[in-house]
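A quick write-up on the structure given underneath.
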Amino acid sequence: MSAAARLISGSLASWAQIAVNMVAQLILVPIYLNYWDVKTYGIWLAILGIMSALSMLDMGHQNFMAFELLRIGRKDIPALSKTLFSGIVIGVSISVLQILLVIVFFLTGALAFLLGEAGTNNFELINTAGYALILHAISWLISVTGPGYLTRGLAPFGYYPRTAWWAFAHAIVVAVTPLVAVTMGADILMASAALVGAVFLADVPLYIDLYRLFKRERIRVSKPSLPLAFSNFRMSLPLLGKALLENVRQQGVRLLLAPLSGAIGLAAFSTMRTGANVALQGLNTIVNPILPDLMRFLHDRDQQRSEAAFATIWIVVVALMAPAVVILQTIIEPLYVFWTQGKISFDPLLFSLLSLGVLIYAVIQPAMAIVVGNNLTKTQLMLAAVAAVVLLGVLCLLVPFIGILGAAIALLLAEIVAGVGYQIYAEKWLNENDLVWPKRP
4 MSAAARLISG SLASWAQIAV NMVAQLILVP IYLNYWDVKT YGIWLAILGI
54 MSALSMLDMG HQNFMAFELL RIGRKDIPAL SKTLFSGIVI GVSISVLQIL
104 LVIVFFLTGA LAFLLGEAGT NNFELINTAG YALILHAISW LISVTGPGYL
154 TRGLAPFGYY PRTAWWAFAH AIVVAVTPLV AVTMGADILM ASAALVGAVF
204 LADVPLYIDL YRLFKRERIR VSKPSLPLAF SNFRMSLPLL GKALLENVRQ
254 QGVRLLLAPL SGAIGLAAFS TMRTGANVAL QGLNTIVNPI LPDLMRFLHD
304 RDQQRSEAAF ATIWIVVVAL MAPAVVILQT IIEPLYVFWT QGKISFDPLL
354 FSLLSLGVLI YAVIQPAMAI VVGNNLTKTQ LMLAAVAAVV LLGVLCLLVP
404 FIGILGAAIA LLLAEIVAGV GYQIYAEKWL NENDLVWPKR P
């Protein structure tokens, strides 16, 4: 499959996954609330949130390993295999630690606090949630950690689109299974058990396919190297800090907006940011499929093909995203009013600033790909910290005076600062590796 075909197939798979997630968000909420009361649904969301927080360390390590494996590439399969299976040892250890932490939360009563039920006597609901959370943690080990590392090991061989379609199938199972269980009268524990069981069944053909692909590419199981495993784990830790700081940029805005602008302002900001969030997900569907080829071009010191990969991303920004933002700006107001049932006023300036932030993030993607793809983790952590400081400082300075518009300005400035930093360090890396930043494009 050519690079263009991989880009198209991978993008389609990612867009399909986004569509499933969007439909799930729109449809599942009223159905859940029709069969569960608000508290039960809130506990369900809390369980998913706890798992998301616990998994940040594993995901940071997986992302580091992905780019480390791309850096090694398919030219040195023994080194790739040794690095991969050494990383799997760490990944499995982290997932086992997650399970143990969940059990500790359950036995010590900390889970009640995390669920927002501290001081209540609703022991049955807390126990049900505890058992459900343990199931989710076990499921993470088998259905996310295992396939996560194995699919990243295949990425240098051009299998990103194939694994993206498997991720699409996984998204359907995750969205549909608990929905069916709930409509049949399942509580939180039964819905979790149904979800875990369905995911396990769906993983069987996935593992079979991965086994065949490893055999085709002659990637054999290698004896793990603990020194290598711990060295890569240590180098991946800045990505955990980066994830936490980026979470501050995403969720910290909401936490500060509530006391600074009130619940109405928070609701307006969150709803108007929905379009920007969808655009960011869509952008990732363009960047992720082309990233394995881009990293290969960079490591081969192939200036011409590297520039072609950069240009592919910039064409999407200039020819598609920028005009789409302008068109959307002219037609979005009646659609927004209809969507919010006229309960939230539309602010065109706020919407345009949030859209500009997406375009800034999009145009700097090639520079980010260089920094992220080469695992310059300390640089990523430093830029994330600077952007978070700018965001929080401007937010606290402007929101009390101009409301939620100040939050949009803060986000835009933070994006610009991070973008400039990524460009500086990307150019530096290229110069150090006998390549040149494509200034004319």
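Throughout the sequence shown, residue numbering follows our numbering, covering 4 to 444 in sequence. All residues carry an ideal CB built from backbone N, CA and C; glycine is no exception. Keep in mind the model is a prediction, meaning the values are calculated, not measured.
Under the 10 Å beta carbon count, residue 22 is surrounded by fewer than 16 other beta carbons and is classified as exposed.
Around the beta carbon of residue 135, 16 or more other beta carbons lie within 10 angstroms, which makes this residue buried. For residue 66, the enclosing alpha helix (DSSP H) covers residues 59-75.
For the 8 Å CB-CB criterion, residue 203 and residue 20 do not form a contact. In the structure shown, the three-state DSSP call for residue 367 is coil. Between the C-alpha atoms of residue 320 and residue 80 there is a straight-line separation of about 36 Å. Residue 420 has its alpha-carbon roughly 24 Å from the corresponding atom of residue 315. Distance check between residue 317 and each of 444, 16, 436 and 65 places 444 closest, using alpha-carbon atoms only. Taking a contact as a CB-CB distance under 8 Å, the pair residue 59 and residue 243 counts as one, their CB atoms being some 6 Å apart.
Per DSSP, residue 187 lies in no alpha helix (DSSP H) and is assigned neither H nor E. Residue 30 carries a helical assignment under DSSP once its states are collapsed to helix, strand and coil. Here residue 434 is exposed. Its C-beta has fewer than 16 other C-beta atoms within 10 Å.
A residue is called buried once 16 or more other Cβ atoms fall within 10 Å of its Cβ, and residue 394 is buried on that count. Annotation for residue 238: 67, 378 and 380 place their beta carbon closer than 8 Å to its own, counting only its chain and skipping 5 residues before and after. Secondary structure of residue 153 (DSSP, three-state): helix. DSSP places residue 437 outside both helix and strand once states are collapsed to three, so it counts as coil.
Taking all protein chains shown into account, residue 418 has 16 or more neighbouring C-beta atoms within 10 Å of its C-beta and is therefore buried. Contact annotation, residue 85 with residue 225: C-beta distance approximately 4 Å; criterion of less than 8 Å satisfied. Beyond the five residues adjoining it in sequence on each side, residue 366 comes within less than 8 Å, by CB distance, of 317, 320 and 422 in the same chain, given in chain order.
For residue 143, the secondary structure class from DSSP, reduced to helix, strand or coil, is helix. Scanning 440, 75 and 350 for the CA closest to the CA of residue 369 turns up 440.
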